[in-house]
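J.: Below are the structure tokens for one structure; questions will follow.
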Amino acid sequence: MTCTPAPQELSFQPVENGNPPHYFNFSTDGLFPITLPASKKKVLVVRDAKMVQLIMTDPRFSLAGLDPKKDTVTGTGYQSPNGMLRLDAPRIRHIRRRITPLFSERTIAPWRSEVAQIANSLLAELRNGRQPADLNKQYFEPLVLRAVALSAGITLDESHALYGFSNRVLVRVESSEDEARISTAWRELYDYIGDLIKGKSTSPNNGLFSTIIAELKKANLSDAEIVAASGTILAGFYTPYGILSVSAVELLQRPGIIEACREDPILWGQVGDELMRYKAHFNFFLPRVATEDVILGNEEIHAGQVLLPSLHAAATDPNLFPAPNVFSARRAQPRCSIVFGAGPHFCPGAALSRQWLQVSLERLFTTVPGLRLAGSHHDLEWQAGSISMPQRVLVRWNKKLA
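Numbered according to our numbering, the sequence shown spans residues 809 to 1210.
Right, dumping it as structure tokens:
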């Protein structure tokens, strides 16, 4: 009698150089079974682009049907049932129709110069400060905090408060004790947002937050639904921080790419897209549960089975991106949008993330001369999470030329 080994447990710990665990890599071997650390439930990691796309877009795979106590991978599973990341179509489409135009590239384009001014101000402080400096704490984190305040039309203090909530609700779930803590954080976030909504209702401005509230009211959402939807959006505003940090580390190892971008600034956009495809993305997207028996590839998926789509596998699928493990600033393919999800839960802030990434890197590498890591890339300490990012990015530069 042969004993089938028990599936290994999902880990948020990165491996060498911040790479994700092996089961998030692309594979033609089908689905990979793992168990969730909190509930010990077996789920299947989906590891090729076509399957990932399918389960994120096919209505037979549900978010609303997930059991928060057994199927939760990150803190998003503990938000209100009205939260956008717990809704299926048609409800989520009803909300998205109202808010998606607010995040279009055309809509956000006017903020580009103001984001550049924020970057320039932070970099002036950095250049005049002591070396080595931590790009995470002295550049990327404050840039995102200020950029959110700018775009959302809130104060910097409010942005700091929301960032604190984001760090409490969008976290990994590793034990059964996490539910109470994260659920409490969501309730406190909703209370805080409820107060913000009251303030914006009496004194609206042209910021995204005021506009979102107005659009959700036009969609006939209840007050509780508006608070829950706003909580999802505002908490997610801060997720580009990790993308910026990882991207800078990758570019610091490629001085030739930096020089090419300086000579041809149009390349910054292409390089940003390739950075997100190559490394600067979340390892996985929201899990789904099958609502009926489905044939997926060569395997039969039974109703009730939870699947975890690997964004990393989809972004490195050789059927979608030739030579996926090679960094190429001039890929012939269009941008790798799948790192932002697909279907009704495609990230509405994708264009904002791209703008902030492109502007932050362009200003960093064109205004700080001789920028380089203070130590070796291999000495970086990578923190656990659904995106693997370095704890600190210590850098030096040519002081006399700054």
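Just so it is clear, CB atoms sit at the ideal spot from N, CA and C, and this is done for glycine as well.
Between Phe832, Glu824, Leu1052 and Asp866, which has its C-alpha nearest Arg1096's C-alpha?
T.: Looking at the Cα atoms, Asp866 is the closest of the given residues.
J.: Can you tell me which of the three DSSP states Ala1192 falls into?
T.: Note: Ala1192 maps to coil in three-state DSSP.
J.: Should Leu874 and Glu922 be called a contact, given that it needs their Cβ atoms to be closer than 7 Å?
T.: The answer is no: Cβ separation not under 7 Å.
J.: Just grab the DSSP bridge partners of Arg1204 for me.
T.: Paired residue(s): Arg1180.
J.: Which same chain residues end up closer than 6 Å to Tyr1086 when comparing Cβ atoms and leaving out the 5 residues on each side of it in sequence?
T.: Excluding positions up to five away in sequence, the list reads Phe1135.
J.: Note down the Cα distance separating Glu987 from Asp1081, rounded to an integer number of angstroms.
T.: Those two C-alpha atoms are separated by around 35 Å.
J.: Return yes when the Cβ of Leu1115 is within less than 7 Å of the Cβ of Val854, no when it is not.
T.: Contact: yes.
J.: Could you give the DSSP three-state label for Pro918: helix, strand or coil?
T.: Correct three-state label for Pro918: helix.
J.: Considering Ala1098, what are the terminal residues of the beta strand (DSSP E) in which it resides?
T.: Where Ala1098 is concerned, the enclosing beta strand (DSSP E) stretches over Arg1096 to Ala1098.
J.: Under a Cβ-count criterion, where at least 16 other Cβ atoms within 10 Å of its own Cβ denotes burial, should Thr882 be classed as buried or exposed?
T.: The residue in question, Thr882, is buried, as its Cβ has 16 or more Cβ neighbours within 10 Å.
J.: Which value, in whole angstroms, describes the spacing of the CA atoms of Asn825 and Ala1032?
T.: Cα to Cα, Asn825 sits roughly 43 Å from Ala1032.
J.: Starting from the C-beta of Thr901, find all residues in its chain whose C-beta is less than 7 Å away, skip the five residues before and the five after it, and write them out in chain order.
T.: Checking the sequence, you will find Arg at residue 901 rather than Thr. Excluding sequence neighbours, Arg901 sits near Pro1152.
J.: Just to confirm my understanding: we take Ile1020, look at its own chain, exclude 5 residues before and 5 after, and list those with CB closer than 7 Å. What are they?
T.: Ile907, Leu910, Ser1038 and Ile1041, listed in sequence order.
J.: Is it the case that the stretch 977-991 contacts the stretch 879-894, given that we only count it when at least three CB pairs across the two stretches are under 8 Å?
T.: Touching, per the Cβ criterion.
J.: Just confirm the distance between the C-beta atoms of Val952 and Tyr1049, as a whole number of angstroms; I'd bet it's less than 8 Å.
T.: Confirmed, about 5 Å.
J.: Ala1265 to Gln1078, Cα distance in whole Å?
T.: Given that the chain is displayed from residue 809 to residue 1210, the structure contains no residue 1265 and the question cannot be resolved.
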